[in-house]
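Participant:
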DNA sequence: TGCCATGTTAATGC
DNA sequence: TGCATTAACATGGC
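Dropping the structure here:
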């Protein structure tokens, strides 16, 4: 069986793609043994996972959860985490799950910002899912906050699932400046942002996410949404709407891309 | 060589 | 309390 790789810089669309792909591969399988190959990948005793059955795989924000007959394996992908089925172990393989049908689920992570933990229930500390919250509730939530749009949208306790790439793309689609004040947005503009986020994420999921760098799948299982980015990584290039040059600034230590003409402050 | 990219958390200050 | 700011973590790529 060929190895299948999924990557990279995982945000909601990538986590959704991983969860869907894994779901068909590991649902119903019982875990035989688990090995943690790096100290920082998990604080849990891998022996506790033996004998548990994987019911299904779900996405929670930009994270992936293996739903077990008892509890969940909470997978934080970090920056470079990847869940692989039947991959050959390499230098960056941090955890290996051997399953009862002889298949193997492994967690590879170059930079080790990812982690695995055994938990009883999905974390309650995160904000609503952007594909579940409705426009009116989103607008109300936005207006109740004082921060600027970009830092707010990156904050997982405000909304779960967006990262640097999709925040920039969503703000561009909505025609909003990354430093605009959330509390001053008119309801119609806030609802427009909600719609832009939902449309963007739906498009990105349809393209199996964005693959910027890192792993390449030998079988072609790579996201293609990076080809449809409009501002992220496009500094100096003409805006697809107006031709103005895309600008890059730094906001909360993150590269931030926008069109100075289409996204007025 | 040294800096960049990134998600998350923590620390500090207002 | 909430918000802004900065640093830390890891490491391949440039």
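Residue numbers (the working numbering): 15 to 279.
A virtual CB, placed ideally from N, CA and C, is assigned to each residue, including glycine.
1) Hey, quick one: how far does the beta strand (DSSP E) through residue 99 stretch, first residue to last?
2) Could you spell out the range, first to last residue, of the alpha helix (DSSP H) harbouring residue 164?
3) For the stretch 155 to 164 against the stretch 118 to 138, do three or more pairs of beta-carbon atoms, one drawn from each stretch, fall closer than 8 Å, so that the two count as touching?
4) So residue 105 is in the alpha helix (DSSP H); what residue range does that whole segment cover?
5) At the level of alpha carbons, what is the spacing between residue 198 and residue 138?
6) Would you say residue 277 and residue 190 are within 9 Å of each other, going by their C-beta atoms?
7) Determine the direct distance from the alpha carbon of residue 200 to that of residue 24, and round the result to whole angstroms.
8) Going straight from the alpha carbon of residue 135 to that of residue 85, what length do you get?
9) Leaving out five residues before and five after residue 77 in sequence, what residues of the same chain have Cβ atoms less than 8 Å from its Cβ?
10) Please report the distance separating the alpha-carbon of residue 261 from that of residue 104.
11) Have a look at the DSSP bridge pairing and note the partners of residue 132.
12) May I ask which residues mark the beginning and end of the beta strand (DSSP E) holding residue 270?
13) Answer yes or no: do residue 175 and residue 215 have a C-beta to C-beta separation smaller than 9 Å?
14) With a CB to CB cut of under 8 Å and the five nearest residues on each side skipped, what residues in its chain are close to residue 118?
Facilitator: Looking at the atomic coordinates:
1) 95 to 99
2) 163 to 168
3) no
4) Where residue 105 is concerned, there is no enclosing alpha helix (DSSP H), given that its DSSP letter is neither H nor E.
5) 28 Å
6) yes
7) 31 Å
8) 6 Å
9) 29, 88, 89, 90, 91
10) 39 Å
11) 87
12) 268 to 272
13) yes
14) 99, 100, 101, 110, 111, 112
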